[in-house]
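Just so you know, the sequence shown maps onto residues 1 to 305 in the UniProt record's numbering.
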Amino acid sequence: MSFPWLKPHPKTPIEPKSHPTNPFLPFQTHLSAVLASLSNSNPLKTHLDSAFESLGNALQSGLFRLAALSDPIRSPAWARVTLPPPLAGGGPARRFDLAMSTETIEERLAGVPVYALSNSAEEFVLVAGVGSGKSLGLFCFKKEDAEALLDQMRSMNRDMRQGSKVVALALNKVFQLKVDGVAFRFIPDSHQVANAVKVKEKAGGSVDGFPGVPVFQSKSLVLRSGNKRYRPFFFRKEDLEESLFRASRQQNKLNPALRMGDIQVCVLEEIINTMKGSSASKWDDVVFIPPGFDISIGVRETALG
């Protein structure tokens, strides 16, 4: 399935690479804004704190072989993965039978890049807990965060100083991964986490950090393609606001982004889990808009409520 409204945002500048004065700036400091936004009881904070403690004590690199490095837009298979076998026919229908298929969910996530680390042998780099026997695969939604992690690893592991690099991977392929002894965690853009907290506060809710990767939507923005209507979820609040502004200007309506509570924020991981376990009819109208992308605005494609 292709979504004709997706196109690169012409007005969104490419963020320059950060060059800290100290190239070995500790990763904990670089992502302090993310950690500060998470409550102490948050599982994500616990996982990240554990990973950063391992980095601070003694870094060990766990590796598994990559078949190829991928272009996040093309989304080819980039690692050997294990998918659950298809359900056998003839039995009674189970709740999973009514959920969105794995292929459909991955299709909605295709084109969204995340950033990870690769060594000179094109092996994916994992952070191994000291003495725990468990490894953590970190995927950053902001390239600069992955670069800071790479700097930290290079400073602590001599083998990574030659040929190691940051690679962009397709988000839909990350959700396929099943590797024994490895947990995969996302590191959200700290600026978007701050945006998410502000949206929650503006809505009058109780805010105690944010539990995952924020995605933003507005009930006023609906995409149309043929006879289908879709609800767009944005990884950057600024992209949603720009789309709302353009739609309201074209349709001569008040910008809905200015109305109290019109922008909502959700947790990406929770949406994916719900897609896997809920009736497909409840979620088959959701599409994810990659960071830095805008939607082609037209009366036939976009409606404001």
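No residue lacks a Cβ here, since even glycine has one placed at the ideal position from N, Cα and C.
Query                                                                                                                                         : Result
When you compare each of Lys198, Ser190 and Leu177 to alanine 146 by their alpha carbons, which one comes out closest?                        : Ser190
Compare the beta carbon distance of valine 267 and proline 214 with 8 Å and say whether it is the shorter of the two.                         : yes
By the 10 Å Cβ neighbour count, where 16 or more other Cβ atoms means buried, how is lysine 228 classified, buried or exposed?                : exposed
Note down the Cα distance separating leucine 150 from valine 112, rounded to an integer number of angstroms.                                  : 21 Å
Checking the sheet assignment: what are the DSSP bridge partners for serine 225?                                                              : Lys228
Any idea if aspartate 285 is buried or exposed, counting beta-carbon neighbours within 10 angstroms, 16 or more meaning buried?               : exposed
Counting only runs of 4+ residues fully inside the segment 147-202, write out the alpha helix (DSSP H) ranges in chain order.                 : 171-174 and 190-202
Would you grab the beta carbon distance between glutamine 192 and lysine 237 for me? Rounded to a whole angstrom, and I think it's under 8 Å. : 6 Å
Just verifying my parser: in three-state terms, what is the DSSP assignment at alanine 247?                                                   : helix
Say whether chain C places a C-beta atom closer than 8 Å to the C-beta of valine 182.                                                         : Of the protein chains in this structure there is only one, and it is not chain C.
Can the beta-carbon of phenylalanine 141 be found closer than 8 Å to that of phenylalanine 186?                                               : yes
Which partner residues of serine 118 appear in the DSSP bridge assignment?                                                                    : Phe124 and Lys165
Is it true that the CB of leucine 223 sits closer than 8 Å to the CB of tyrosine 230?                                                         : yes
Within 10 angstroms of the Cβ of alanine 116, are there 16 or more other Cβ atoms? Answer buried if so, exposed if not.                       : buried
Alpha carbon to alpha carbon, what distance is there between phenylalanine 139 and lysine 173?                                                : 12 Å
Report buried or exposed for glutamate 242, applying the criterion of at least 16 other Cβ atoms within 10 angstroms of its Cβ.               : buried
When you compare only the Cα positions, how much space is there between valine 166 and serine 118?                                            : 6 Å
Please name the residue or residues paired with serine 218 in a DSSP beta bridge.                                                             : Ile263
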